[in-house]
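Undergrad: Let me begin by handing over the structure; questions about it come next.
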Amino acid sequence: MTVSIKFRWAQVCTLSTVALFGCDREIEVEDPEPVPAAIACEGADAITQIWTPTRRADLDTALQQQPGEWPQQLLAILDARVGSNAQVWRRNYLRACEQGERKAQRCLDMQAWELDAIVELATTHPEHAASMWAEIDAVLRDADACDARQEPSFDAPSLSPRVGREWASLRLLLNASDYVAVDNTVRALEGDETVGQTPAYALPITASKVVVALSKGDADQANAALGQAEALAASLGPRAQMTVAQAQAFAASSRGDVPAAMVALDQSVAAARAQEDPWLLFLQLRNIGRVKVQLGDGAGAIEPLAEAISLSTRLAGAENPHTAEVQISLAQAQLGLDRVETGYDLLTQARDSFVNTLGPDHPQTVASVEAIGQLFMAAGRPGEAQYAYLDLLEIYGDLYGPKDWHTAMVKLALGDSLMAMEQHEGARTMYMEALVPLVQSLGADHRAAIQTSIHLGIAELALGNLDAAGDHCRRSVDLVKALAPGDPLIAEAKACAEQLGAAKPSKPKRPR
Numbered sequence: 009m010t011v012s013i014k015f016r017w018a019q020v021c022t023l024s025t026v027a028l029f030g031c032d033r034e035i036e037v038e039d040p041e042p043v044p045a046a047i048a049c050e051g052a053d054a055i056t057q058i059w060t061p062t063r064r065a066d067l068d069t070a071l072q073q074q075p076g077e078w079p080q081q082l083l084a085i086l087d088a089r090v091g092s093n094a095q096v097w098r099r100n101y102l103r104a105c106e107q108g109e110r111k112a113q114r115c116l117d118m119q120a121w122e123l124d125a126i127v128e129l130a131t132t133h134p135e136h137a138a139s140m141w142a143e144i145d146a147v148l149r150d151a152d153a154c155d156a157r158q159e160p161s162f163d164a165p166s167l168s169p170r171v172g173r174e175w176a177s178l179r180l181l182l183n184a185s186d187y188v189a190v191d192n193t194v195r196a197l198e199g200d201e202t203v204g205q206t207p208a209y210a211l212p213i214t215a216s217k218v219v220v221a222l223s224k225g226d227a228d229q230a231n232a233a234l235g236q237a238e239a240l241a242a243s244l245g246p247r248a249q250m251t252v253a254q255a256q257a258f259a260a261s262s263r264g265d266v267p268a269a270m271v272a273l274d275q276s277v278a279a280a281r282a283q284e285d286p287w288l289l290f291l292q293l294r295n296i297g298r299v300k301v302q303l304g305d306g307a308g309a310i311e312p313l314a315e316a317i318s319l320s321t322r323l324a325g326a327e328n329p330h331t332a333e334v335q336i337s338l339a340q341a342q343l344g345l346d347r348v349e350t351g352y353d354l355l356t357q358a359r360d361s362f363v364n365t366l367g368p369d370h371p372q373t374v375a376s377v378e379a380i381g382q383l384f385m386a387a388g389r390p391g392e393a394q395y396a397y398l399d400l401l402e403i404y405g406d407l408y409g410p411k412d413w414h415t416a417m418v419k420l421a422l423g424d425s426l427m428a429m430e431q432h433e434g435a436r437t438m439y440m441e442a443l444v445p446l447v448q449s450l451g452a453d454h455r456a457a458i459q460t461s462i463h464l465g466i467a468e469l470a471l472g473n474l475d476a477a478g479d480h481c482r483r484s485v486d487l488v489k490a491l492a493p494g495d496p497l498i499a500e501a502k503a504c505a506e507q508l509g510a511a512k513p514s515k516p517k518r519p520r
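Here the sequence shown is numbered in the working numbering, starting from 9 and rising by one per residue.
Dropping the structure here:
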């Protein structure tokens, strides 16, 4: 069986290095001609050129296409980060420029390119904005830290604003799993001479090729790109080693080699400990802990996740969304060890942090509420799960309306909690309200629609409505035939039909 490990493409991608696709790393690149100080220092005004009133207004308009209050919360976070850090960033840029500190200057450039990429992507594709909350919260966060970061990754010439923005957008697109856009961006960047000849810019491009090739199922192309990345990163610093380790983990996961993936993730943590950016260590600890949870190793996940929480709390305070994200993974680990109360406490803390930092209707907040409901259902405590699902019902009702399929999915979960408490009448009402929107929006053969039909049939059976139950049970038996063998819904549909058969009175025998 192939095991696919999922983890966010961590922030090392934008801060790593490597050479051009197809280039031999023994090729010597001549140092560029010195750039006059007046020209080099033009970059000091980058933040004000990126965060202009016009671009902010365009972003605001785009975000208004997304339902809920959270888009305005993200916009407010951007305003706050730029407002509090732009002058610090400019002051440090001018000092680095005047003193000829190229590594510090590139470190600051990368922060500006990241901001530019966030604004551009969120404006042109606002559907990706919610997934960029971590990057938005981190905008210009390290404006005062570049002087101390002397990584080989930062020893690179400058890029034009457009190319820098495209280069920084790679990680954002990878996080959004928009592999078509990643592929297009890679092709565009390969046409830039500076990017192609500078190891500091080419490694994330090569690493991105690994991911794109694997998404297409092209293992040979992925292995070729991975080999190039490994060779190119061999003489570079810890950031480059983290990028390669992530690509190795992704490749190993895709071929089902879990031990190799874990070795690569261990290497990424070790590389993170060897460099100056504590947030990169946080990301590597988060990644490996999350993967261990996915693999069912709750005990092994606790240590890296607890360290990540301690680190982010020290860096950003007791209540911040980065800590909250890890608390959800730690709660899942604790649940796997049957520590229900500990898991619930962690999920509650995460929910409250997301509410206070990202907003009550942000997808991360909603996911934490949903996780609370799932936790209690798994623990056999449907009464407590019901409160979480009622909260979700209110949130989704406000966001999408009572007859939208998103809201219907919550009604399905709420119906299941009511069934577990033997409140069959209420459960039937939830299933009936959920079924039509699910069928109309997703199709009658969608798993959620089939599941709702099965559960509605079982609820009707519990209420003694055999004719209504028969309609749903028989229809479900036909629909599950299209599902993959072993799908749990097949057994549920069969049980529905069997219960129906057992409940129907037997026909009296005719006298001879």
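Glycine is no exception: its CB is placed at the ideal position from the N, C-alpha and C atoms.
Report the residue from R99, R89 and S262 whose alpha carbon sits nearest the alpha carbon of A230.
TA: S262
Undergrad: Going by C-alpha distance, which of Q283, A65, K217 and A112 is nearest P246?
TA: Q283
Undergrad: Roughly how many whole angstroms lie between the Cα atoms of E77 and S166?
TA: 38 Å
Undergrad: Mapping the DSSP letters down to three states, classify H480 as helix, strand or coil.
TA: helix
Undergrad: Considering Cα atoms alone, identify which of D117, L407 and P169 is closest to Y101.
TA: D117
Undergrad: Could you give the C-beta distance for S425 and Y397, rounded to a whole number, given that I count them as a contact under 8 Å?
TA: 6 Å
Undergrad: With H, G and I counted as helix, E and B as strand and the rest as coil, what does DSSP make of E159?
TA: coil
Undergrad: Look at the alpha carbon of E500 and the alpha carbon of I55, and state the distance between them as a whole number of angstroms.
TA: E500 and I55: Cα-Cα distance of roughly 57 Å.
Undergrad: With three or more C-beta pairs closer than 8 Å as the rule, is the segment 107 to 117 touching the segment 73 to 90?
TA: no
Undergrad: Would you kindly work out how many angstroms separate the C-alpha atoms of L293 and E238, rounded to a whole number?
TA: 22 Å
Undergrad: Can you have a look at L345 and say buried or exposed, based on whether 16 or more other CB atoms are within 10 angstroms of its CB?
TA: exposed
Undergrad: Using CA coordinates, which residue listed in A309, G405, A52 and V127 is at the minimum distance from P61?
TA: V127
Undergrad: In the segment 302 to 326, which residue ranges form an unbroken alpha helix (DSSP H) of at least 4 residues, counting only runs that do not cross its ends?
TA: 306 to 324
Undergrad: Measuring CB to CB, does P134 end up less than 7 Å from A70?
TA: Yes.
Undergrad: Using 10 angstroms around the beta-carbon of T331, count the other beta-carbons present and answer buried if the total reaches 16, otherwise exposed.
TA: buried
Undergrad: Go through its chain and collect everything with a Cβ distance to L234's Cβ below 6 Å, but skip five positions before and after it.
TA: For L234, where only same-chain residues beyond five positions count, the Cβ hits under 6 Å are V218, A255 and A259.
Undergrad: Between Y408 and the rest of its own chain, which residues show a CB-CB distance below 8 Å, the 5 nearest in sequence each way excluded?
TA: P75, H414 and T415
Undergrad: Need the endpoints of the alpha helix (DSSP H) that G423 sits in, please.
TA: W413 to A428
Undergrad: Per DSSP, what kind of secondary structure is E349 in: helix, strand or coil?
TA: Correct three-state label for E349: helix.
Undergrad: Given a threshold of 16 other Cβ atoms within 10 Å of its Cβ, counted over all protein chains shown, does G304 qualify as buried or as exposed?
TA: exposed
Undergrad: What is the DSSP secondary structure of R63, counted as helix, strand or coil?
TA: helix
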